[in-house]
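**Q** Numbered per my numbering, the sequence shown spans residues 134 to 922. By construction, the Cβ of each residue, glycine as well, lies at the ideal position given by its N, Cα and C atoms. Only a predicted model underlies this, so the values are computations on that prediction, with no experimental measurement involved.
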Amino acid sequence: MRPRHRTLLRRTTLLAATAALVAAPLSVVPAASAAPEDEVTLTFLGINDFHGRIDANTVKFAGTVEQLRAAGGEDSTVFVAAGDNIGASLFASAVDQDNPTIDVLKALQLDNTAVGNHEFDQGFADLTGRVIPRMGQNRFGTPVFLGANVYDKGTEDPALPEYAEYTVNGVDVAIVGVVTEETRSLVSADGIADLDFGDPVEAVNRVAGELKDGDDANGEADLIIASYHEGAPLSDSAATLDQQVAASPVFAHMVNDTTAAVDAIFTGHTHQRYAYDAPIPGGTGTRPLVQSGNYGEGVAKVEITYDTATDEVVAHTRSVVARTTTADADLVAQYPRVAAVKTIVDTAIANSAAVGNRPVATVSNDITTALIGGTYQDGVYTHPTPGATGVRDDRASESTLGNLVANALRDSLANDQGGNAEIGIANPGGLRAELFYAGDTSTNPANTDGVVTFAEANSVLPFANNLSSVTLTGEQFVRLLEQQWQRDVNGAVPSRAYLQLGLSDNVSYTYHEVDDPAVPPDPAGNPRKKGVIDSVTIDGEPIDLAKDYRVGTFAFLVTGQDNFHVFKEGAAPKDSGLVDREAWISYLEDKSPVAPSFARRSTVTTDAPTTLTTGEPTTFTVSKLDLTSLDSPQNTTLTAKVGETEVGSFPVSNGTATVTFTVPAGLAAGAAMLTLTAQPTGTVVSLPVTVVKGKIATTIDAVATPGLSPLFGPIVVARVSPRGATGTVQVLDASGKAFGSGKLLAGHTVIALGGRALKPGTHTLTIRYGGDGKHKPSETVKTVRVLGR
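Shown next as C-alpha cells:
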C-alpha cells in the first residue's frame with residue numbers, strides 16, 4: 134500500500150482519467166434530494182507569504198486564526214498555507230534560521246502548506262533535513278509541507294509529499310500543494326541542483342485525478358483543495374478576475390485549466406489580496422479562488438457546504454479577513470494557542486535584541502523601495518502608510534534603496550577579494566525592508582530617529598547570499614538591461630513581466646518600449662512590450678560593446694536567476710566569500726551618515742537624436758524623471774548641455790520634459806555628449822551624439838533703383854551676410870522666372886536688369902541667394918517701379 138500522503142503512480146496510467154475530470158462539471162446548486170441533516174459545512178483558513186513576520190503583530194495574526202477557527206468549529210476547520218512561510222524574514226526570525234516562525238505555525242497547528250520558492254532559500258537539504266523535521270506531522274498524522282510538482286532531477290519521481298488526506302467532520306479532505314514553476318530561477322541554483330520543478334497545474338490535475346479515482350489508501354476524496362504558490366499579478370484591489378487573467382498567462386493557466394475536481398484554490402507568491410468566484414472549467418457554477426495578501430495581515434476564509442448524501446458541494450463562500458484589532462492580552466487569555474505563540478514571539482524578540490538593537494549607522498532621510506499609490510505633496514513623494522500591504526516593493530520601478538544597495542555591492546567587491554568590480558547590480562526581489570528615518574520603537578524602545586540598528590539593516594538583505602563578481606562584455610551588459618523585460622528560458626512571459634534592477638551611480642541608460650512580435654499577445658489581445666536600450670554610459674563614457682566590465686552582485690544573480698540569463702554567459706565568476714548582510718552593514722557603517730540619492734539611473738527617451746547638426750533645431754522628449762521612493766523630490770527643470778555648452782532649460786511636468794533647441798553654430802564637429810540634468814534630484818541623462826557642422830545661416834538685403842522702360846531697367850544692389858558667403862544672387866519675378874543674376878564679391882553684387890525685362894508699372898521682385906558649401910540660402914522681397922517713356 135502507498136502511504137496516504139504520497140502518490141507514486143505512473144503518470145501514463147492517469148491521462149484518461151485526468152482528461153475526463155477536466156471536462157466534468159461540478160455543480161454548486163443543491164440537488165433536489167439534499168437534506169439539511171446531510172450537509173456539512175467546513176471552514177478552510179488560508180495564509181500565504183508570511184515571510185517570518187515575528188514582531189509586534191504576530192500575536193494578533195495568531196488571534197485572527199483562532200477567532201476564525203472558533204467561529205468555524207475546531208472539528209470543522211482546516212488551516213492551510215500557500216508557501217513562503219519562511220525566508221526573507223524579519224530579524225527576530227532570520228537571526229535564528231526562521232526557527233521561531235516554524236514554531237509559531239506549529240503552535241497554531243498549521244495543517245498543511247505548499248512549499249514556496251523561499252522554502253528553498255537555504256537549499257533542499259536544509260528544507261528536508263531541518264525545516265520539515267522541526268515542523269513534524271500535523272494533527273492528522275500526515276506531513277505538513279507539500280510539493281506535487283517538485284521532482285528528483287531528470288525523473289518524474291516526487292521529491293516531496295504531493296498531498297495530504299484526512300477526515301474532517303466526516304468528510305474526506307485532500308490538500309494538494311504545488312510551487313511556482315519559476316522556482317528554478319528564484320533561488321540559488323546550487324541548493325536545488327538535484328531538483329526539477331514541473332507545471333503546477335499539470336501536477337494538481339494529475340494528483341486530483343488519482344484522488345477522485347479512489348486510487349489512494351482510503352478511497353475517493355470528497356473534497357480536494359489546491360494550494361498554489363503562484364497567483365494573480367495585479368495589486369489593484371478592484372481588479373476583476375478577468376483583468377487578472379488577461380494580465381498573466383501563468384494565472385490564466387491556473388484559473389482556466391485546473392481540473393473541475395478541485396473544489397477550492399488557495400494561492401500565493403504574488404502578495405496580493407483577493408477573493409474571487411472562478412468559473413469551473415468544463416462545467417457550470419464557480420469555485421472559490423483566494424489569496425490573503427502577505428505578512429499575516431489577513432487570513433483567507435473559504436466555507437464549503439458538502440452534501441454527504443449526494444457527494445456534492447452545494448454552496449460556498451469566500452473572503453479575506455483583516456487581522457484582528459482585539460487586544461493581545463484578551464487574545465492570550467482566551468486562546469491557548471495564542472498564548473503559546475506569544476511565548477515563542479517574546480523569546481525570539483528578546484534573544485534577537487542583544488544583537489539586533491545595536492546601532493550600526495545613521496541615515497539622513499528615508500531610503501526605501503519604490504512605493505505604490507502615493508502622491509507628490511509640497512514637491513516630494515509621500516504616502517500616508519509607507520509600510521502598508523501593497524504599498525512598498527514596486528519591483529517594476531527604480532528606487533533609492535535598490536541603487537544604494539548596488540553602490541554597496543560595487544564598493545564591497547572593488548578589491549581583489551571581490552573580483553575588482555566596477556559596477557554594482559541589485560535585484561529588486563532581494564530588498565525586503567526599508568531604511569526609515571523615524572526610529573522604530575515597537576521592539577526597541579531606545580531606538581531614535583535617524584539610527585539604523587543591526588536588525589533593521591539585516592532586514593533589508595536577509596537572505597545570507599554570498600557576493601560574487603563576473604565579467605560581462607558591453608554587449609552582454611546591454612542584453613542584461615533588456616532582460617528586465619522578463620522572459621523565461623523559452624522566451625515566454627513569466628508571472629512578473631518586468632523587474633527593475635538597482636544600479637550603482639556610475640551607470641545610467643535610456644530606453645524606449647516597443648511591441649514584441651516574438652511573444653503572443655495577452656488574453657485580451659494586447660501586444661507584449663519589450664525594451665530597446667538607446668544609450669548606456671559608464672563612468673561618464675558611452676559603453677564600449679566590445680569591452681569587458683566587472684559586475685558585482687549577489688550569487689543568486691550570477692547563476693542567472695530572476696530570468697537574467699545573460700549572467701550565465703559571463704566570464705571568470707568569482708565568489709568573494711563575503712555574505713551580503715556582513716558587507717552591507719560594513720558599508721553602512723563606513724558611509725554613515727548615509728543619504729539617499731534621488732537621481733535616477735534609467736529614463737525614457739522618445740525621438741532622441743544621435744546626430745546634432747549645427748544651426749539646426751532638434752526636439753525630443755525625456756520621461757520617467759521622478760522616483761517613487763519615499764521623500765523623492767519632484768523634478769521641475771531639465772537643463773541641457775552639449776559638451777560644455779548650455780543649450781537651454783526646460784520645464785518638467787509629472788516627470789516628463791520636452792527638449793527643443795537650435796544646435797549652436799560654434800560647436801566642434803565630432804563625438805560629444807548631450808547631457809541633461811534634472812533638478813532638484815540631480816538625475817543625469819547622458820546621450821552620446823555626433824556633432825555635424827551645418828551650413829551657416831545667411832541674410833540678404835537689397836535695394837532696387839527705378840527703371841525707365843524700354844531704355845534702362847532697374848538696378849538691384851544685394852548684400853549677403855556674413856561677408857564670407859560666395860556664390861550667386863538671382864532676381865526673380867512674381868512667376869518665379871529668373872531674369873537677372875550676379876556673383877558675390879566680398880558679400881556684394883550689382884545686378885542690372887534689361888530695359889525690356891519689366892513692363893512699366895510696379896513689380897514685386899524676389900532677390901535670392903543660392904548658398905554655397907558653407908552657407909545656407911536666403912532671400913528677400915523688394916518692390917520696384919518701372920516708368921514708362
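(1) Do you know whose CA, among A433, N484, V213, lies nearest V248's CA?
(2) Would you list the residues sitting across from A359 in a DSSP beta bridge?
(3) I'd like to know whether the C-beta atoms of T747 and K876 end up nearer to each other than 7 angstroms.
(4) Can you round the beta-carbon distance between A566 and S592 to whole angstroms, since I take them to be within the 8 angstroms contact cut?
(5) Run through DSSP, which three-state label would P136 get?
(6) With DSSP as the reference, please indicate the residues paired to S852 in a beta bridge.
(7) To the nearest angstrom, how far is the alpha carbon of I413 from that of L241?
(8) Could you work out which residue in I556, A521, G280, T895 is closest to K915 when comparing CA atoms only?
(9) Taking all protein chains shown into account, decide if T770 is buried (16 or more other Cβ within 10 angstroms of its Cβ) or exposed.
(10) For N787, count neighbouring Cβ atoms within 10 angstroms of its own Cβ and tell me buried if that reaches 16, exposed if not.
(11) Comparing C-alpha positions only, which one of K193, A336, A379, Y284 sits nearest to P660?
(12) Whole-angstrom Cβ separation of G887 and G857, contact assumed at under 8 angstroms?
(13) Looking at N181: is its Cβ nearer than 7 angstroms to the Cβ of S425?
(14) In this structure, does DSSP put V919 in helix, strand or coil?
(15) To the nearest angstrom, how far is the alpha carbon of P519 from that of A455?
(16) Less than 7 angstroms between the C-beta atoms of P266 and P294, yes or no?
(17) Taking only the alpha-carbon atoms, compute the straight-line gap between A773 and A630 and give it to the nearest angstrom.
(18) What residue from I666, I505, D390, P855 has the CA that sits closest to D332's CA?
(19) Out of curiosity, what's the CA-to-CA distance linking R852 and T795?
(20) With 16 as the cutoff for other CB atoms within 10 Å, does R901 come out buried or exposed?
(21) From the DSSP output, which residues share a beta bridge with F687?
(22) Identify which residue in T606, A281, Q467, A462 has its Cα closest to the Cα of I671.
(23) Are at least three pairs of beta-carbons, each pair with one atom in the segment 662-678 and one in the segment 380-399, less than 8 angstroms apart?
(24) Just to confirm, are L809 and R734 a CB contact at a threshold of 7 angstroms?
(25) Secondary structure at V862, three-state DSSP: helix, strand or coil?
(26) When the Cα atoms are used, what is the spatial distance from T838 to T752?
(27) When the distance is taken between beta carbons, is S911 closer than 7 angstroms to I833?
(28) In the DSSP output, which residue or residues are listed as bridge partners for H251?
(29) Tell me, to the nearest whole angstrom, how far the beta carbon of L344 is from that of Y439; I am working on the premise that it is less than 8 angstroms.
(30) With DSSP as the reference, please indicate the residues paired to R406 in a beta bridge.
(31) According to DSSP, is S735 helix, strand or coil?
(32) Give the straight-line distance between the Cα atoms of P595 and R714, rounded to the nearest whole angstrom.
(33) Hey, how far is the Cα of A732 from the Cα of I477?
(34) Restricting to runs no shorter than 3 residues, where is the beta strand (DSSP E) found entirely within the segment 495-573?
(35) According to DSSP, is A165 part of a helix, a strand, or is it coil?
(36) Could you please give the first and the last residue of the uninterrupted beta strand (DSSP E) stretch that includes F794?
**A** Reading from the atomic positions:
(1) V213
(2) V309, I398
(3) no
(4) 4 angstroms
(5) Per-residue confidence for P136 stands at a pLDDT of 35, beneath the threshold of 50, marking its modelled position as unreliable; the derived number appears in the next sentence. It is coil, neither helix nor strand.
(6) Note that residue 852 is Arg in the sequence shown here, rather than Ser. Paired residue(s): D834, H881.
(7) 32 angstroms
(8) T895
(9) exposed
(10) exposed
(11) A379
(12) Between G857 and G887 the Cβ distance is about 31 angstroms, and since that is not below 8 angstroms, they are no contact.
(13) yes
(14) strand
(15) 18 angstroms
(16) no
(17) 33 angstroms
(18) D390
(19) 25 angstroms
(20) buried
(21) L600
(22) T606
(23) no
(24) no
(25) strand
(26) 44 angstroms
(27) yes
(28) BP columns for H251 are empty, so no partner.
(29) About 15 angstroms; that fails the 8 angstroms criterion.
(30) S425
(31) strand
(32) 7 angstroms
(33) 43 angstroms
(34) 508-510, 513-515, 556-559
(35) Low per-residue confidence applies at A165: pLDDT is 39, beneath 50, and the placement is therefore not dependable, though the value from the model is reported in the following sentence. Of the three classes helix, strand and coil, the one that applies to A165 here is coil, per DSSP.
(36) 790-795
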